[in-house]
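Colleague:
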Amino acid sequence: MTHLMQVDQPGMFSLVQDLGRYGWQRFGVPANGAMDERAHRIANALVGNDDDAATLECTLTGPTLRFTRNTLIALSGADMAVTADGKRVPLNRAVMLRRGAVLAFSECRQGTRTYLAVRGGIDTELVMGSRSTFVRGAYGGVEGRALKRGDRVPLVTPQEDPLPLERMLVQSGLPFVEAGVVELPASASEPAPLRFMRGPQWRKFSMAARRAFTREAFVISTQSDRMGYRLDGPELDLKQPLEMISEACEFGTVQVPPSGSPIVLMADRQSAGGYPKIAYVISTDLPLLAQARPGDSLHFTPVTLRQAELAHAQAEQAFARFRQQAADAALSRPLTPAPAATQAVDDASFAALPE
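Take 1 as the starting number for the sequence shown in the UniProt record's numbering and just add one per residue.
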């Protein structure tokens, strides 16, 4: 039997994403991938997946889902209220969800994007080596689009003996049981300024523009999406007009079009651009940006390449420790005791689920 995720309600903008589609930018293919890579990786680690397993990126309002088998899941990222059969599901913790239980996402109290990982990953078709959805190109994920009602999304079926958590679930009669708590790897936190390295055209901007970029606030415009965040604030002018040949663009590139209002390129960025680049937001701080909303205020502070590399190395070391602890909690050492009162599992109640 194929393991499926049934979509009862799609949410505002729910997309299948992995780490992205790399190796194709020279042909003009965007990389795509999870906007908040940190949350995507945390959710995967909590269920014992590799980093590149596909997750569901839920923006502002998430979907309502059911699964055709007992499924190990984890949520990370924005603080979105999620329940299973009406019982609150914790964030940043693996839980074994009962087959047929209704997993419902509601309001997002902080942040923008919540990631749902399932043990084994989402098993949609690979397109150029990735399952990431690119809506503008209409490929990847589920038919190149956001989820819609009635979708039945295939999931990988892990070939392994039942996990200890699943045995606890069968005994409990609850909609889900939880793994132990794992301390998250430390990260930069708001309202800290976003750290950046100077871009290749930094010195082409006026002194007033460079000063404004590092000292004044910018507000994320409503004209922002997965391709780029437009920023309202001081206009950043050049010393003199500049003609440029298009250059490769990366996640976090801050380019400045003739209007003077900067744009931070995000996961669905184009592969190349010809606007001057005043800065690059360092990779360690991109998750903060991914969780920001239109109307949020941003500040920027410069760092050196060495400082950026050190921040990245420290984050990766912390994540490596977290990954091991997360695997222990979810796969081998469940810490949550089974409830004293048990209830027989009524498989007949799930028989109506599509397979």
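All C-beta atoms in this analysis are idealised placements derived from N, C-alpha and C, irrespective of residue type, glycine included. The model shown is predicted, which means the values in this text are computed figures rather than measured ones.
What is the DSSP secondary structure of S106, reduced to helix, strand or coil?
Modeller: Here the question's residue 106 lines up with position 106 in the sequence shown. In the structure shown, S106 sits in a strand (DSSP, three-state: E or B).
Colleague: Since Y115 and G77 should fall inside the 8 Å C-beta cutoff, what is the C-beta to C-beta distance between them, to a whole number of angstroms?
Modeller: Along the sequence shown, one-based indexing puts residue 115 at 115. Along the sequence shown, one-based indexing puts residue 77 at 77. That pair is a contact at about 5 Å.
Colleague: Given a threshold of 16 other Cβ atoms within 10 Å of its Cβ, counted over all protein chains shown, does residue 422 qualify as buried or as exposed?
Modeller: Examination of residue 422 is not possible in this model, given that the chain is present from 1 through 355 alone.
Colleague: Identify every residue that forms a DSSP beta bridge with E178.
Modeller: Reading the sequence shown from its first residue, position 178 is the one you call residue 178. For E178, which the question treats as bridged, DSSP gives the partners V95.
Colleague: Counting only the same chain and skipping the five closest in sequence on each side, list residues whose C-beta sits under 8 Å from that of Y229.
Modeller: Your numbering for residue 229 matches position 229 in the sequence shown. Once the five neighbours on either side are set aside, the close Cβ partners of Y229 are I220, S221, I263, V264, M266, L289, A292.
Colleague: Taking the alpha carbon of P198 as the reference point, which residue from P287, A318, Y280 has its own alpha carbon closest?
Modeller: In the sequence shown, residue 198 corresponds to position 198, counting from 1. Checking the sequence shown, residue 198 turns out to be Arg, not Pro. Comparing Cα positions, the closest option is Y280.
Colleague: Checking 7 Å against the spacing of the C-beta atoms, do S132 and D18 come in under that value?
Modeller: As a first step, residue 132 must be located in the sequence shown, where it is residue number 132. As a first step, residue 18 must be located in the sequence shown, where it is residue number 18. Yes, the Cβ-Cβ distance between S132 and D18 is below 7 Å.
Colleague: Under three-state DSSP, which class holds P354?
Modeller: For the purposes of this step, residue 354 is taken as residue 354 along the sequence shown, with counting starting at 1. Residue placement at P354 is flagged as unreliable, the pLDDT there being 41, under the threshold of 50; a coordinate-derived value is accordingly withheld.
Colleague: Measure the CB-CB distance between G260 and E235 and report whether it falls below 7 Å.
Modeller: Taking the sequence shown and counting its residues from 1, the one referred to as residue 260 is at position 260. Taking the sequence shown and counting its residues from 1, the one referred to as residue 235 is at position 235. Yes, they are a contact pair.
Colleague: Is the beta carbon of L65 sitting closer than 7 Å to the one on M5?
Modeller: Position 65 of the sequence shown holds residue 65. Position 5 of the sequence shown holds residue 5. The answer is yes: Cβ separation under 7 Å.
Colleague: Applying the criterion that 16 or more other CB atoms from any shown protein chain within 10 Å of the CB defines a buried residue, is H40 buried or exposed?
Modeller: Numbered from its first residue, the sequence shown carries residue 40 at position 40. Classification for H40: buried.
Colleague: Just verifying my parser: in three-state terms, what is the DSSP assignment at F251?
Modeller: Here residue 251 corresponds to residue number 251 of the sequence shown, with the count starting at 1. Of the three classes helix, strand and coil, the one that applies to F251 here is coil, per DSSP.
Colleague: If you count every other CB in all the chains shown that lies within 10 Å of the CB of residue 357, and 16 or more means buried, which is it?
Modeller: There is simply no residue 357 to check, as the chain begins at 1 and stops at 355 in what is shown.
Colleague: Consult DSSP for S14 and reduce its assignment to one of helix, strand or coil.
Modeller: One-based indexing of the sequence shown puts residue 14 at position 14. S14: strand per DSSP, three-state reduction.
Colleague: Taking C-alpha atoms, which residue in K148, R93, N49, A217 lies nearest to S297?
Modeller: Walking along the sequence shown from the start, residue 297 turns up at place 297. The candidate whose alpha carbon is nearest that of S297 is A217.
Colleague: Would you say the stretch 14 to 29 touches the stretch 145 to 155, given that touching needs at least three Cβ pairs under 8 Å?
Modeller: Taking 8 Å as the limit for Cβ pairs, the verdict is that the stretch 145 to 155 does touch the stretch 14 to 29.
Colleague: Could you tell me the alpha carbon to alpha carbon distance between D79 and S271, rounded to whole angstroms?
Modeller: Along the sequence shown, one-based indexing puts residue 79 at 79. Along the sequence shown, one-based indexing puts residue 271 at 271. Between D79 and S271, the C-alpha separation is close to 32 Å.
Colleague: In chain order, what residues of the same chain have a beta carbon less than 6 Å from the beta carbon of A74, not counting five sequence neighbours either side?
Modeller: In the sequence shown, residue 74 corresponds to position 74, counting from 1. Only A43, L46, V47, A94, A117 meet the Cβ criterion.
Colleague: Would you identify the three-state DSSP class for Q317, choosing helix, strand or coil?
Modeller: Along the sequence shown, read from residue 1 onward, the residue named residue 317 stands at position 317. Note: Q317 maps to helix in three-state DSSP.
Colleague: Straight-line CA distance for P334 to V182?
Modeller: Counted from its first residue, the sequence shown places residue 334 at position 334. Counted from its first residue, the sequence shown places residue 182 at position 182. Note that P334 scores 49 on pLDDT, short of 50, meaning its location in the model is unreliable; the coordinates nonetheless yield the value given after this. Straight-line Cα distance between these residues: approximately 11 Å.
Colleague: D328 bridges to which residues according to DSSP?
Modeller: Counted from its first residue, the sequence shown places residue 328 at position 328. Paired residues: none, contrary to the question.
Colleague: Just list the beta strand (DSSP E) runs in the stretch 259 to 305, keeping only unbroken ones of 3 residues or longer that don't cross its boundaries, in chain order.
Modeller: List check, beta strand (DSSP E) in window: 263 to 265, 277 to 281, 300 to 302.
Colleague: Put I220 into one of helix, strand or coil per three-state DSSP.
Modeller: Along the sequence shown, read from residue 1 onward, the residue named residue 220 stands at position 220. The answer is strand: DSSP assigns I220 an E or B state.
Colleague: Between which two residues does the beta strand (DSSP E) harbouring I122 extend?
Modeller: If you number the sequence shown from 1, residue 122 lands on position 122. Unbroken run through I122: none, as it is neither H nor E.
Colleague: In three-state DSSP terms, what is K87?
Modeller: Here residue 87 refers to the residue found at position 87 when the sequence shown is read from its first residue. In this structure, K87 counts as strand in the three-state DSSP scheme.
Colleague: What does the alpha-carbon distance come out to for the pair H54 and I122?
Modeller: Position 54 of the sequence shown, counted from the first residue, corresponds to residue 54. Position 122 of the sequence shown, counted from the first residue, corresponds to residue 122. Note that residue 54 is Ala in the sequence shown here, rather than His. Those two C-alpha atoms are separated by around 5 Å.
Colleague: At what residues does the alpha helix (DSSP H) containing L231 begin and finish?
Modeller: The sequence position of residue 231 within the sequence shown is 231, counting from 1. Taken as a continuous stretch (DSSP letters only), L231 belongs to no alpha helix (DSSP H), being part of the beta strand (DSSP E) at 228 to 232.
Colleague: Given this structure, state the Cα-to-Cα distance separating D232 from L238, to the nearest angstrom.
Modeller: Against the sequence shown, residue 232 aligns to sequence position 232. Against the sequence shown, residue 238 aligns to sequence position 238. Each residue's alpha carbon lies about 17 Å from the other.
Colleague: What are the partner residues of Y115, as DSSP defines its beta bridges?
Modeller: Mapped onto the sequence shown, residue 115 falls at position 115. Y115 pairs with E57, S76.
Colleague: Taking buried to mean at least 16 other C-beta atoms within 10 Å of its own C-beta, is L242 buried or exposed?
Modeller: Taking the first residue of the sequence shown as 1, we reach residue 242 at position 242. Its Cβ having fewer than 16 others within 10 Å, L242 is exposed.
Colleague: How close, in whole Å, do the beta carbons of L194 and D268 come, if the pair is a contact with beta carbons under 8 Å?
Modeller: If you number the sequence shown from 1, residue 194 lands on position 194. If you number the sequence shown from 1, residue 268 lands on position 268. That pair is no contact at about 19 Å.
Colleague: Does DSSP classify Q6 as helix, strand or coil?
Modeller: Reading the sequence shown from its first residue, position 6 is the one you call residue 6. Correct three-state label for Q6: strand.
Colleague: Would you kindly report the start and end of the unbroken beta strand (DSSP E) that includes L169?
Modeller: Within the sequence shown, residue 169 is the residue found at index 169, counting from 1. No beta strand (DSSP E) contains L169, which is instead part of the alpha helix (DSSP H) from 164 to 172.
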